[in-house]
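Novice:
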Amino acid sequence: MFVDSVKISISSGKGGQGCASFRREKFVVKGGPDGGDGGKGGDIFFQVDNNTDTLSWYKGRHHVRADNGIQGMGRNMTGKSGDALTLRVPPGTQVIDEETGKIILDLVNDGDLIQFLEGGKGGMGNTHFKNSRNQRPTYFQPGLPGTTKDIRLELKLIADVGLVGYPNVGKSTLISTTSNANPEIANYEFTTLTPKLGVVEVGDFNSFVMADIPGIIDGASDGRGLGIEFLKHIERTKTLLFMLDVANHRTIMDQYLVLKEEVKKFSPELSGRNFAIALSKTDAYYGEDLNADISNFIKELELEISTENEFGFDEKFPYYVQDLVFSRYDESKPFFILPLSSVTHFNTESIKYSLYNLIGQNK
0 MFVDSVKISI SSGKGGQGCA SFRREKFVVK GGPDGGDGGK GGDIFFQVDN
50 NTDTLSWYKG RHHVRADNGI QGMGRNMTGK SGDALTLRVP PGTQVIDEET
100 GKIILDLVND GDLIQFLEGG KGGMGNTHFK NSRNQRPTYF QPGLPGTTKD
150 IRLELKLIAD VGLVGYPNVG KSTLISTTSN ANPEIANYEF TTLTPKLGVV
200 EVGDFNSFVM ADIPGIIDGA SDGRGLGIEF LKHIERTKTL LFMLDVANHR
250 TIMDQYLVLK EEVKKFSPEL SGRNFAIALS KTDAYYGEDL NADISNFIKE
300 LELEISTENE FGFDEKFPYY VQDLVFSRYD ESKPFFILPL SSVTHFNTES
350 IKYSLYNLIG QNK
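Heads up, the sequence shown is in numbering that gives the first Met the number 0, so the first residue is 0 and it goes up one at a time.
1. Between E153 and Q93, is the Cβ-Cβ spacing less than 7 angstroms?
2. Can you tell me the Cα-Cα spacing of K13 and R60, whole angstroms?
3. Less than 6 angstroms between the CB of D3 and some heavy atom of the ligand HEM, yes or no?
4. N295 to T306, Cα distance in whole Å?
5. Using DSSP's beta-bridge definition, name the partner residues of T238.
6. I need the boundaries of the beta strand (DSSP E) containing T147, first residue and last residue.
7. Any idea if E287 is buried or exposed, counting beta-carbon neighbours within 10 angstroms, 16 or more meaning buried?
8. Out of D203, I212, F204, state which residue places its alpha-carbon closest to the alpha-carbon of G197.
9. With a 10 Å radius around its C-beta and 16 neighbouring C-beta atoms as the bar for buried, classify E299 as buried or exposed.
10. Helix, strand or coil: which one does DSSP assign to E188?
11. Based on the DSSP secondary-structure assignment, which residues constitute the bridge partners of A246?
12. Short check: CB of G91 to CB of K39, under 7 angstroms?
13. What does DSSP give as the partner residues of A210 in its beta bridges?
14. I think S11 touches L116, with their Cβ atoms under 8 angstroms apart; what is that distance to the nearest whole Å?
15. For Y355, which option in D52, V342, M209, D322 has the closest C-alpha, if you only look at C-alpha atoms?
16. If F241 and I293 are in contact, beta carbons under 8 angstroms, what's the gap, nearest whole angstrom?
17. Cα separation between P32 and D82?
18. Kindly identify the DSSP beta-bridge partner or partners of L337.
19. Taking K120 as the reference, which of S331, P141, N133, V47 has the closest Cα?
20. Closest by CA to Q360, which one among N273, F21, S279, G71?
21. Using 8 angstroms as the Cβ pair cut-off and three pairs as the minimum, do the segment 93-110 and the segment 161-171 touch?
22. Looking at the structure shown, is H127 part of a helix, part of a strand, or coil, going by DSSP?
23. Within 10 angstroms of the Cβ of G6, are there 16 or more other Cβ atoms? Answer buried if so, exposed if not.
24. How would you label N49, buried or exposed, when you count the other beta carbons within 10 angstroms and need 16 or more for buried?
25. Along the beta strand (DSSP E) that carries K6, what are the first and last residues, could you check?
26. I need the straight-line Cα distance from Y328 to Q321, nearest angstrom please.
27. Using alpha carbons as the reference points, say which of N133, F204, G30, D149 lies closest to R64.
28. Roughly how far, in whole angstroms, is the beta-carbon of L302 from the beta-carbon of L339, given that I think they are within contact range, below 8 angstroms?
29. Relative to the C-alpha of F265, which residue among F310, G68, I215 is closest?
30. How long is the line joining the alpha carbons of N67 and G78, rounded to whole angstroms?
31. On a Cα-Cα basis, can you pick out the residue from M123, L104, F128, Q46 that is closest to V88?
32. Let me know if A291 comes out buried or exposed under the rule of 16 or more other beta-carbons within 10 Å of its beta-carbon.
33. Run the CB neighbour count on F189, radius 10 Å, all protein chains shown included, and call it buried at 16 or more, exposed below.
34. What number of angstroms, rounded off, separates the C-alpha of C18 from the C-alpha of T126?
35. For Y138, count neighbouring C-beta atoms within 10 Å of its own C-beta (all shown protein chains included) and say buried if the count is 16 or more, exposed if not.
36. Let me know if L256 comes out buried or exposed under the rule of 16 or more other beta-carbons within 10 Å of its beta-carbon.
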């Protein structure tokens, strides 16, 4: 089960109370106080674990606690400290204060171990309170209570490229063709119900991570379809690939404008990220002239059709790619507009290299 948001209360352990005890030993008269201290309460830690990819362990758990410290004992023996509780979360998890909405921790790097709550201090035994005027103290300190915090855990996947498109436009097919991901693929809308990650190999030594999220439709920001709940999973990406279906009943431009608007409503910052456009399902086009449709789309965006490129695009269809030889990448324009077919593998190799090059523009 994929779980990316949970609310939970967590508590560090309470400190153990001190002990009121007196030394009792043969041939030792009035041995004096020897009550030990209580043990410290258990701390709460968060650890980033790359072997987990969901927050499902926390599903149904309303409150988790670290162990309390043990009471001190006679003969100046300190009680055992409570065991710390380590909460493992996948990379990309944010710890948010449920009361204020403030992000307390942003857990990104695999292996990071961060203390979140400290356990209560153990109380002192009566041996600490002896003095010349009070040689037989009978009191001790109770342990200090632990800390309780109501938090929300939010998982935002970490990827280099995020796929954005209507349902059933070929996002899952592309990520299954170009990466090691195996998403469900079927000929109906909303096949993808949860985000998927795939590692795309570029040559022998380079790679990047691609994220596929459920489809977005017109009105998603108002809750239609699956809404825009899953757009948070591409908030961390610096590169977006808009996938537009040339075989869809909607025009290419209509798809593009709706997707851009829905992303902008969700996050103006996200809508300003570097982006490219893939025109999918060229093998399933049933209109009159696909070349004309693609050419018109490129011209409507006030761009010029490219004649040369460094990525090896198949020139079967018109395409656009920014010329970076004498100019810097223009972030207001798509890095490229590329027709492709994941089924026939048309331009699937080229898009891997061009996306890798686009990622490099962010560095």
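Note that beta-carbon positions come from the ideal geometry of N, C-alpha and C, so glycine has one too.
Quick caveat: nothing in here was measured; it's all calculated off a predicted structure.
Specialist: Working from what's here:
1. In this structure, E153 lies near Q93, with their beta-carbon atoms less than 7 angstroms apart.
2. Here the alpha carbon of K13 sits roughly 20 angstroms from the alpha carbon of R60.
3. Among the components of this structure there are no ligands whatsoever, and the ligand HEM is therefore not found.
4. Rounded to the nearest angstrom, the two C-alpha atoms are 16 angstroms apart.
5. For T238, the pairing in a beta bridge is given by DSSP as V160, N273.
6. Element bounds for T147: 147-154.
7. In this structure E287 is exposed. Its beta-carbon is surrounded by fewer than 16 other beta-carbon atoms within 10 angstroms.
8. Per the Cα distances, I212.
9. Classification for E299: exposed.
10. With a pLDDT of 46 at E188, under the threshold of 50, the predicted position of this residue should be treated as unreliable, and no value is reported.
11. As DSSP reads the structure, A246 sits in no beta bridge.
12. No, Cβ-Cβ distance for G91 and K39 is not below 7 angstroms.
13. In the DSSP output, where bridge partners are listed per residue, A210 has G161, L196.
14. For a cut-off of 8 angstroms, the C-beta gap from S11 to L116 is around 4 angstroms, short enough to register as a contact.
15. When D52, V342, M209, D322 are compared, the shortest CA-CA separation from Y355 is found for M209.
16. Not a contact, Cβ separation roughly 14 angstroms.
17. P32 and D82 have their C-alpha atoms some 28 angstroms from each other.
18. Per DSSP, A277.
19. Nearest C-alpha to K120: P141.
20. Ranking N273, F21, S279, G71 by Cα distance to Q360 puts N273 first.
21. Contact between the segment 93-110 and the segment 161-171 is absent, because fewer than three Cβ pairs lie under 8 angstroms.
22. Helix, per DSSP.
23. It should be pointed out that residue 6 corresponds to Lys in this sequence rather than to Gly. The residue in question, K6, is exposed, as its Cβ has fewer than 16 Cβ neighbours within 10 Å.
24. Label assigned to N49: exposed.
25. Taken as a continuous stretch (DSSP letters only), the beta strand (DSSP E) holding K6 covers 4-10.
26. Distance between the alpha carbons of Y328 and Q321 is about 7 angstroms.
27. Nearest C-alpha to R64: D149.
28. Between L339 and L302 the Cβ distance is about 18 angstroms, and since that is not below 8 angstroms, they are no contact.
29. Nearest to F265 by C-alpha distance, out of F310, G68, I215, is I215.
30. Distance between the alpha carbons of N67 and G78: 10 angstroms.
31. With distances taken between Cα atoms, V88 lies closest to Q46.
32. With fewer than 16 other Cβ atoms within 10 Å, it is exposed.
33. Confidence is the limiting factor: at F189 the pLDDT is only 48, short of 50, which leaves the residue's position unreliable and the question unanswerable from this model.
34. The straight-line gap from Cα to Cα measures roughly 9 angstroms.
35. Burial call: exposed.
36. Answer is exposed; the Cβ neighbour count stays below 16.
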